[in-house]
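These notes are about the structure you will find just below.
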Amino acid sequence: MNIFRFAGDMTHLISIVVLLLKIYATKSCSGISLKTQELYVIVFLARYLDLFTDFISVYNTVMKLVFIGSSLAIVWCMRMHRAVKRTYDKELDTFRHYFLVLGSFVLALLLHEKFTFQEIFWAFSIYLEAVAILPQLVMLQRSGNVDNLTGQYVFFLGAYRAFYILNWIYRFFTEPHFSRWIACLSGLVQTAFYADFFYYYFISWKNNAKLQLPA
Amino acid sequence: TEEEEKKDEL
Chain A
200 MNIFRFAGDM THLISIVVLL LKIYATKSCS GISLKTQELY VIVFLARYLD
250 LFTDFISVYN TVMKLVFIGS SLAIVWCMRM HRAVKRTYDK ELDTFRHYFL
300 VLGSFVLALL LHEKFTFQEI FWAFSIYLEA VAILPQLVML QRSGNVDNLT
350 GQYVFFLGAY RAFYILNWIY RFFTEPHFSR WIACLSGLVQ TAFYADFFYY
400 YFISWKNNAK LQLPA
Chain B
768 TEEEEKKDEL
């Protein structure tokens, strides 16, 4: 494992910690898209089916369980916790995420490495992860004002994607048979979605001002 | 036969 991959995993983990912190400390999930969070649950459950079939390392197994567990906990809080669910901005979270699930699944049936149950679900999870942030980004744009922790959450998620691209570049040049075009192309698309957000994030950081997205 | 590449990323 190279340093970029590790940095990617850590920023991914930090983004989840930031989100859990926001929900637990403020007992509020305002500004957070439940639809994006539900998509992440589907992404992790579909991708980590290999928990039952392949063992790669203790690190991988633990991280997979943490991602599945934390995403389930977040959705549970937003749907079931009495105080938290009252703060959910349902009227701002109207993205029709079922289309993303359907589209990703159809794409996985067409584009995959092998036509097996596990490989189809793996490709599906990759495509779905690429678009899963969209409901959240649309919600941020609609609400305009982004609170600090929500901004940090999306920033760390974007950083995770950026580090994974550096990791692939590194692996491409250091490993003889590195080819995984499905993951790399989807990863590029996914990272591109964050470009706009990053632009405004850095402007607000430079001006030491609150993060605001144009309507 | 080529050994299958394990999906070692998260």
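Chains A and B are the protein sequences, given in the same order. The first sequence begins at 200 in this note's numbering and counts up one residue at a time. The second sequence begins at 768 in this note's numbering and counts up one residue at a time. Beta carbons are placed, not taken as given, at the ideal position from N, Cα and C, and that holds for glycine. Predicted, not measured: the structure shown is a model, and the values here were computed from it.
| Query | Result |
| --- | --- |
| C-beta contact flag for A/Y326 and A/L218 at 8 Å | no |
| Near-chain B residues of the stretch 309-333 of chain A (beta-carbon distance less than 8 Å), N- to C-terminal order | W321 |
| CA-to-CA distance, A/A408 to A/N344, given in whole angstroms | 11 Å |
| For A/Q317, the residue or residues it bridges with in DSSP | Its beta-bridge partners do not exist; DSSP assigns none. |
| When A/Y258, A/I381, A/A394 and A/L212 are compared against A/E312, the one with the closest alpha-carbon | A/I381 |
| Any chain B beta carbon closer than 8 Å to A/R204 | yes |
| Residues near A/S385 in its chain [Cβ-Cβ closer than 7 Å; skip 5 each side] | I325, Y326 and A329 |
| Exposed unless 16 or more other CB atoms sit within 10 angstroms - verdict on A/Q389 | buried |
| Continuous beta strand (DSSP E) assignments of at least 3 residues falling wholly in the stretch 282-317 of chain A | none |
| 8 Å Cβ cutoff met for A/K234 and A/D292 | yes |
| Alpha carbon of A/K405 to alpha carbon of A/Q317, nearest angstrom | 45 Å |
| With 16 other Cβ atoms within 10 Å as the buried cut-off, status of B/E769 | Only weak support exists for where B/E769 lies, its pLDDT of 48 falling under 50; the value from the coordinates is given anyway. The residue is exposed, with fewer than 16 neighbouring Cβ atoms inside 10 Å. |
| Closer than 8 Å to chain B by CB, A/M262 | yes |
| Given 8 Å, three or more beta-carbon pairs between the stretch 355-363 of chain A and the stretch 204-211 of chain A | yes |
| Own chain, CB closer than 7 Å to A/V337, minus 5 neighbours either side, in chain order | F294 |
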